[in-house]
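Right, one structure below, let's go through it.
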DNA sequence: ATGAAAGCGCTAACAA
DNA sequence: TTGTTAGCGCTTTCAT
């Protein structure tokens, strides 16, 4: 049977209150003698505190919910890792959930997390629908948004990336390299990331006096398969193009692959530029030129921000991280 | 303020016991009238049950700890995803932890999970030291081992992969393809996976009457960097070789890269064969021939097995999954 | 320097 | 058909 503070109290001939205070270092005045005795007994009996019982009274679970679209997308493990490292450092644990960009799954998870009494939630809002804004508004748990922005009430902070300038810099680079007919295979335009990147794309073209051709823009998912399908759609559409800017690296990598399979050389025939800088982008041939997003840092900062709100009651702020263009060989 | 069953009871003019029974569907005999009234009040007031309070009495948290070396290694997101999908389906949540193959971090996490009263733990034992076997033995929580085997007392089940035959098949394939001097860049031989794969490697050579040359075996970590370093060590060692069998795909991918950078052609000059079949292996050039491990299934089965033990008190068994050779272009 | 007692929100016998 | 009561293991206020 598991040992409780009651057992310890009995063995040490003190009250449970005393044991609790000692175990939590809460009362300076308790004599060294009893303190040591109790501590010893606890150790000898391999005492494991029941955190649920504690949480029930302290109303603090020291756990954080991490809600992501899909850990299988290589952008997210980095982010999750950053989150976990900071959480661990601060004595928090993480419950992690995959939403598959499905609004229903998301709100079901959010509710479960609420029931588990997590202290806060870090959320990459699912791409789908508006439905869950409502359920988010109901949530009484401190929420930190990461990666994707959205307008909800009780947001305690945001960790975003400057997608506009990231895309702008990328497309501008393509233009500088003399590419004029730049296709854009984007992720779902229901996400702010995709919208902002589209903004950067169009602005860069405008600024260079290039007319925007909507036939060059293809909207799909942030998934590998869309890299293949999107490229094929583009190819079949018969519009002329000399470069592809991709919504993320997963798309870019598979665009390159599809192009190569058709005997189209990258970058000699077509240039390809990605977004994210997942580690894989450096391992393919040709190595992918891409926009680096600080995924690890995003996770890390999100947890930091959340804990600041939780423990120090700091007003939640918005952190906007910078991207930078990583030049390799695909352009 | 958050609403409790007490509040609901008051509003509905019934006892908390009745409310509890209704909310949990535990008592058939309660009249439809009160049942509906209570349910309505709960809904109207957006009642969220406090699972900690419940767990405290039921001694069941419906959460599972998932302890991995590093989610950043692309083998593990798949596994984690499989675990999460099954857990979600069964009404469990997952707390996830990265150990970095560090025994201390591992046992610290294990203890935290114990304190959180998780119902069970799924563990990929960290590569390091023997130190934590002891702390594992102390653990009173049902444990399911995944990927790496180890001898501990209260194991409730294992999900392993037949590493021996996986490696055997791979090396045998190399031999059939007329490669005779096969180097092996392996992960840490403190893991059972590496040991078993080494066994398969040597057996395959033996069976073909090829003498084992220990100068061709290089031990390091299951990490990308070791793919680079290991390949360089091999190259600098001046032993002759015509193929490299790699401890995992991360190593293999970087071996190929290193080889290519030196102007060595894969597979014409040197063949490279990997292990894991991470999605990345199909995206590089040349696409990697590798041993497929069913990572998703491993995670899925581990959770299934654990829940079977938990909910149905089934005796824990060992599941041994099969690998299969995926032939692509690097051999 | 220590203890008594109340209570966190819930469930589960058992009674009525 | 419903309610009473006693905890689950812990913290915390207030006495002593």
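Chains as they are written, first to last, in our numbering: chain A, 3 to 333; chain B, 3 to 333.
All C-beta atoms, glycine included, are put in the ideal place defined by N, C-alpha and C.
query                                                                                                                                       : result
Run of the beta strand (DSSP E) containing residue 257 of chain B, from where it starts to where it stops                                   : Looking at the DSSP string, residue 257 of chain B is not in any beta strand (DSSP E); the run it does join, the alpha helix (DSSP H), is 251-263.
The region 88-101 of chain B / the region 59-77 of chain B touching (three or more Cβ pairs under 8 Å)                                      : yes
Sufficient close CB pairs (3 or more, under 8 Å) joining the region 79-87 of chain B to the region 292-307 of chain B                       : yes
Beta-carbon spacing of residue 2 of chain B, residue 148 of chain B below 8 Å                                                               : The structure shown does not extend to residue 2 of chain B, since chain B spans only 3 to 333, so no value can be given for it.
Neighbour flag for residue 46 of chain B against chain A, beta carbons, 8 Å                                                                 : no
Interface flag, residue 74 of chain A vs chain B, CB-CB below 8 Å                                                                           : yes
Any chain A beta carbon closer than 8 Å to residue 79 of chain B                                                                            : yes
For residue 191 of chain A, three-class secondary structure by DSSP                                                                         : coil
Alpha-carbon to alpha-carbon, residue 39 of chain A and residue 309 of chain B                                                              : 40 Å
CB contact flag (residue 292 of chain B, residue 254 of chain B, <8 Å)                                                                      : yes
Residues bridged to residue 273 of chain B (per DSSP)                                                                                       : B:245
Buried/exposed call for residue 86 of chain B, threshold 16 Cβ in 10 Å                                                                      : buried
Residue range of the unbroken alpha helix (DSSP H) whose run includes residue 328 of chain A                                                : No alpha helix (DSSP H) contains residue 328 of chain A, which is instead part of the beta strand (DSSP E) from 326-328.
Inter-residue Cα distance where the pair is residue 8 of chain A and residue 318 of chain A                                                 : 40 Å
3 or more residues per run - each beta strand (DSSP E) lying fully within the region 194-248 of chain A                                     : 219-221 and 245-248
Range covered by the beta strand (DSSP E) that runs through residue 157 of chain A                                                          : 157-163
Spatial distance of residue 303 of chain A from residue 94 of chain A (CA atoms)                                                            : 14 Å
Cβ of residue 287 of chain B within 8 Å of any chain A Cβ                                                                                   : yes
Distance between residue 245 of chain B and residue 182 of chain B (C-alpha atoms, nearest Å)                                               : 8 Å
Residue 322 of chain A - DSSP class collapsed to helix/strand/coil                                                                          : strand
Nearest neighbour of residue 154 of chain B, chosen from B:249, B:241 and B:137 [CA to CA]                                                  : B:137
Chain B contact for residue 96 of chain A (CB, 8 Å cutoff)                                                                                  : yes
Start-end ranges of the beta strand (DSSP E) lying completely within the region 40-122 of chain A, minimum 3 residues                       : 65-70 and 95-100
Proximity winner among A:115, A:144 and A:226, relative to residue 315 of chain A (alpha-carbon distances)                                  : A:144
Listed by chain order, chain B residues near residue 54 of chain A by CB distance under 8 Å                                                 : 54, 57, 58, 63, 118 and 119
Partners in chain A for residue 83 of chain B, counting only beta-carbon separations shorter than 8 Å                                       : 72, 73, 74 and 100
Chain-order list of residues whose beta-carbon lies under 7 Å from that of residue 37 of chain A (same chain, five-residue window excluded) : 24
C-alpha distance - residue 256 of chain A paired with residue 146 of chain A, whole-angstrom precision                                      : 32 Å
Residue 61 of chain B, buried or exposed, once every other Cβ within 10 Å from all chains shown has been counted against 16                 : exposed
C-beta neighbour in chain A for residue 342 of chain B, strict 8 Å                                                                          : Missing from the structure shown is residue 342 of chain B; chain B here goes from 3 to 333 and no further.
Distance, residue 78 of chain A Cα to residue 234 of chain A Cα                                                                             : 27 Å
Within-8 Å CB hit, residue 51 of chain B to chain A                                                                                         : yes
Supposed contact pair residue 331 of chain B and residue 269 of chain B - C-beta distance, whole angstroms, cut 8 Å                         : 7 Å
Contact set between residue 331 of chain B and chain A, taken where Cβ atoms lie within less than 7 Å                                       : The premise fails here: residue 331 of chain B is roughly 12 Å from chain A at the closest Cβ pair, so nothing lies under 7 Å.
Option nearest residue 190 of chain B by Cα separation, candidates B:213, B:150, B:239 and B:205                                            : B:150
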